[in-house]
Structures are given as C-alpha cells and as structure tokens.
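These notes are about the structure you will find just below.
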C-alpha cells in the first residue's frame, strides 16, 4: 500500500488538522507519514489516526520523504506550506516538490488543491472497483 504524506508549516498545522478530521473516513486505514512536528501536532490534536513519523523537516524529514518517493512508496503528498516564509532548509522543500513533479506524484500545497486530489482519488478508486468487478465476471 502506498503511503500518504502530510506536512504543514507551523502556521498551517491547525488547517491541516481540520482538513484531516473532516476527511478522516477517507484517510482511515491508509498509511500516513508525517514530518516530526506535524506528526506531534496531529497527535496532540486528537486526530486518532496512526501516523508514521519521520524527522522534522529541518532535520532531514523532507529528504526522507524524497527517498520514499524515489522508492515508489508514496501515492500523494499534502503539504500545507506557508509560501511567505523562506526557511534555511528551503532547498530540501524544493527537492521534495521537484521530486513529486519529476516522478509524477500528486502534491497539493493548499486546502483547495487537497480537496480536489481526494475527489480525484475517490473517483479513481470507484472506477477501479467497477473495472475489477467487470473483469472478474
């Protein structure tokens, strides 16, 4: 099963938590990966979904996710990022976004895009179920 990555810069962590809670039924049963502080925030916010922790973004977490993407372990990245700030580790963020682009992994950097990604995945999953039933008959 491919993993779903969730990341949020500090100012956007509450928005990510709200988004995940509203879509909890879709995320339930999926492997969710989160960078260190994002994972901690989500757990403190009582998300009640199992999370796979990687390092904080500033401690190499973004690069750990890049490696997961390169190993075909990631299906989607939800990255609620603050485009108004530039971090000392901005190159790692660029590598993450660039790797998603190069390897055709969907990435969303805001709530509206994230909603559309989920709608698209729901439609794809429904289509695959129908096709599977059709092929088995």
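In our numbering, the protein residues as written are 16 to 152. Idealized CB from N, CA, C, for every residue including glycine.
Beta-carbon spacing of residue i, residue j below 8 Å
i           : j           : result
residue 84  : residue 132 : no
residue 36  : residue 126 : no
residue 20  : residue 93  : yes
residue 64  : residue 42  : yes
residue 100 : residue 24  : yes
residue 120 : residue 18  : no
CA nearest to the CA of residue i, picked from the options
i           : options             : result
residue 95  : 17, 32 and 55       : 32
residue 60  : 89, 142, 28 and 118 : 28
residue 69  : 62, 81 and 63       : 81
residue 129 : 38, 18 and 17       : 38
residue 55  : 45, 66 and 18       : 66
residue 104 : 87, 71 and 146      : 71
Residue i versus residue j - alpha carbon distance
i           : j           : result
residue 73  : residue 149 : 48 Å
residue 115 : residue 78  : 12 Å
residue 141 : residue 34  : 22 Å
residue 102 : residue 22  : 15 Å
residue 53  : residue 136 : 23 Å
residue 122 : residue 151 : 33 Å
residue 144 : residue 40  : 18 Å
residue 147 : residue 44  : 21 Å
residue 51  : residue 117 : 25 Å
Limits of the beta strand (DSSP E) - the one that residue i falls within
i           : result
residue 21  : 18–23
residue 100 : Premise fails: residue 100 is in no beta strand (DSSP E) and is neither H nor E.
residue 66  : 66–68
residue 48  : 47–49
Delimiting residues of the alpha helix (DSSP H) encompassing residue i
i           : result
residue 81  : 76–85
residue 88  : Residue 88 -> no alpha helix (DSSP H), and no H or E assigned at all.
residue 71  : Residue 71 -> no alpha helix (DSSP H), and no H or E assigned at all.
residue 149 : 126–151
residue 119 : Element bounds for residue 119: n/a, residue is neither H nor E.
residue 35  : 28–37
Short CB-CB distance (under 8 Å) between residue i and chain C
i          : result
residue 85 : No chain C is present in this structure, which holds just one protein chain.
Presumed contact (8 Å Cβ cut-off) between residue i and residue j, rounded CB distance
i         : j          : result
residue 2 : residue 26 : There is no way to answer for residue 2, as the model of the chain reaches only from 16 to 152.
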